[in-house]
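Numbering (the working numbering), first residue to last: 1041 to 1267. Glycine included, every Cβ here is placed at the ideal spot set by N, Cα and C. Note that the structure is predicted; figures quoted are calculated from it, not measured.
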């Protein structure tokens, strides 16, 4: 078994596991929806304020969803004893990490694309038709950044008793660059064609952070799980 096949097998396992239980889907959809609604009530009735706050609120909701989905992935493996079996596969630890990362990334990307029109409708924000590809690409790159970091720290805290509390504490300071790039790229897309160049610059920055985090986390993941 090579690393690519192992990574795809791990991702497929996580997808099938979620399709059967739907625990993560229900939790993330409910929590994301509650976050959007509560923030809308907190911002009041000023339409300009709500429209300008839409990108930030959207990415806050996705960040929390990333924490929940990554934590549940490792938690389910621990409860069923599957994590030890994954680590016994004759492949590198990076392959296991990339498999879980792939599942989390695709899940967050789909969730983000679903939440985009919902958040914009709820907050009265709108984007020109020619900038929607920027929004979709931002969700994909932002979801990758969140998944890279959340999967790594979920593996780091998987065997700790206080993992639910430690995971967001460790993760959120590291995702600040990803959050900043995603929010700014979304804001630029909402402003229209005049700021496409600015949005492209933020997307390049976001892709750079994703690449750096991916290389670093996959390289040192074996220290996390072996200890």
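Checklist entry - Do the CB positions of residue 1114 and residue 1198 come within less than 8 Å of each other? => result Here residue 1114 refers to the residue found at position 74 of the chain shown. Here residue 1198 refers to the residue found at position 158 of the chain shown. In contact: residue 1114 and residue 1198 (Cβ atoms closer than 8 Å).
Next on the checklist: Would you say residue 1247 lies against chain B (beta-carbon separation less than 8 Å)?
Outcome noted: As a matter of chain content, chain B is missing from the structure shown, which is built from one protein chain.
Checklist entry - What distance in whole Å lies between the Cβ atoms of residue 1183 and residue 1048, which are believed to be in contact at a cut-off of 8 Å? => result In the chain shown, counting from the first residue as 1, residue 1048 sits at position 8. In the chain shown, counting from the first residue as 1, residue 1183 sits at position 143. With a Cβ gap of about 18 Å, residue 1048 and residue 1183 do not count as contacting.
Item to check | C-beta atoms of residue 1180 and residue 1215 nearer than 8 Å | outcome: The residue you call residue 1180 lines up with position 140 of the chain shown. The residue you call residue 1215 lines up with position 175 of the chain shown. Cβ atoms of residue 1180 and residue 1215: not closer than 8 Å.
Checklist entry - Which word fits residue 1213, buried or exposed, when buried means at least 16 other C-beta atoms lie within 10 angstroms of its C-beta? => result By one-based count along the chain shown, residue 1213 stands at place 173. With fewer than 16 other Cβ atoms within 10 Å, it is exposed.
Item to check | Assigned secondary structure, residue 1084 (DSSP; H/G/I helix, E/B strand, else coil) | outcome: Taking the chain shown and counting its residues from 1, one reaches residue 1084 at position 44. Three-state result, residue 1084: coil.
Checklist entry - Roughly how many whole angstroms lie between the Cα atoms of residue 1051 and residue 1141? => result Along the chain shown, one-based indexing puts residue 1051 at 11. Along the chain shown, one-based indexing puts residue 1141 at 101. Roughly 8 Å separates the two Cα atoms.
Checklist entry - Can we count residue 1210 as close to the ligand NAP, meaning its CB is less than 7 Å from some heavy atom? => result As presented, the structure is devoid of all ligands, the ligand NAP included, so that no description of it is given.
Item to check | C-alpha gap between residue 1149 and residue 1221, whole angstroms | outcome: Residue numbering aside, residue 1149 sits at position 109 when the chain shown is read from its first letter. Residue numbering aside, residue 1221 sits at position 181 when the chain shown is read from its first letter. Straight-line Cα distance between these residues: approximately 16 Å.
Checklist entry - Whole-angstrom Cβ separation of residue 1065 and residue 1058, contact assumed at under 8 Å? => result Start at 1 with the first residue of the chain shown, and residue 1065 comes out as number 25. Start at 1 with the first residue of the chain shown, and residue 1058 comes out as number 18. Contact flag correct, Cβ pair sits at about 6 Å.
Checklist entry - Is residue 1180 helix, strand or coil when you go by DSSP? => result Start at 1 with the first residue of the chain shown, and residue 1180 comes out as number 140. Correct three-state label for residue 1180: helix.
Next on the checklist: Only counting the same chain, and skipping five residues up and downstream in sequence, which positions put a Cβ closer than 6 Å to that of residue 1147?
Outcome noted: Taking the first residue of the chain shown as position 1, residue 1147 is located at position 107. Result list for residue 1147: 1109, in chain order.
Checklist entry - Among 1219, 1061, 1206, 1239, which has the Cα closest to the Cα of residue 1249? => result Here residue 1249 corresponds to residue number 209 of the chain shown, with the count starting at 1. Residue 1249 has its Cα closest to that of 1219, out of 1219, 1061, 1206, 1239.
Item to check | Environment of residue 1263 [buried if 16+ CB atoms lie within 10 Å] | outcome: The sequence position of residue 1263 within the chain shown is 223, counting from 1. Result: exposed.
Checklist entry - Buried or exposed: which applies to residue 1256, given that a residue is buried once 16 or more other Cβ atoms fall within 10 Å of its Cβ? => result As a working mapping, residue 1256 is identified with position 216 in the chain shown. By the 10 Å Cβ count, residue 1256 comes out exposed.
Item to check | Local Cβ density within 10 Å of residue 1173, reported as buried at 16 or more and exposed below that | outcome: Here residue 1173 refers to the residue found at position 133 when the chain shown is read from its first residue. Exposed.
Next on the checklist: Does the structure place the stretch 1086 to 1102 close enough to the stretch 1160 to 1167 that three or more beta carbon pairs sit under 8 Å?
Outcome noted: Result yes; three or more Cβ-Cβ pairs closer than 8 Å.
Item to check | Supposed close pair residue 1143, residue 1054 - CB separation, criterion 8 Å | outcome: Within the chain shown, the letter at position 103 stands for residue 1143. Within the chain shown, the letter at position 14 stands for residue 1054. Residue 1143 to residue 1054, Cβ: 4 Å. Contact.
Next on the checklist: Just to confirm the assignment, what range does the alpha helix (DSSP H) spanning residue 1061 have?
Outcome noted: As a working note, residue 1061 is residue 21 in the chain shown. Residue 1061 -> alpha helix (DSSP H) spans 1043 to 1061.
Item to check | Nearest neighbour of residue 1254, chosen from 1072, 1191, 1208 [CA to CA] | outcome: Within the chain shown, numbered from 1, the residue matching residue 1254 stands at position 214. With distances taken between Cα atoms, residue 1254 lies closest to 1191.
Checklist entry - If you scan the stretch 1100 to 1134 from start to end, which runs of the alpha helix (DSSP H) of 4 or more residues do you find wholly inside it? => result 1122 to 1127
Item to check | Whole-angstrom C-beta distance between residue 1107 and residue 1076, which should lie under 8 Å | outcome: Indexing the chain shown from 1 puts residue 1076 at position 36. Indexing the chain shown from 1 puts residue 1107 at position 67. Not confirmed; about 16 Å, so no contact.
Checklist entry - Quick one: Cα of residue 1208 to Cα of residue 1237, how far? => result Translated into positions along the chain shown, residue 1208 becomes position 168. Translated into positions along the chain shown, residue 1237 becomes position 197. Their Cα atoms are separated by approximately 33 Å.
Item to check | Contacting residues, own chain, Cβ-Cβ under 6 Å from residue 1083 (five flanking each side not counted) | outcome: Mapped onto the chain shown, residue 1083 falls at position 43. Result list for residue 1083: 1089, 1090, 1093, in chain order.
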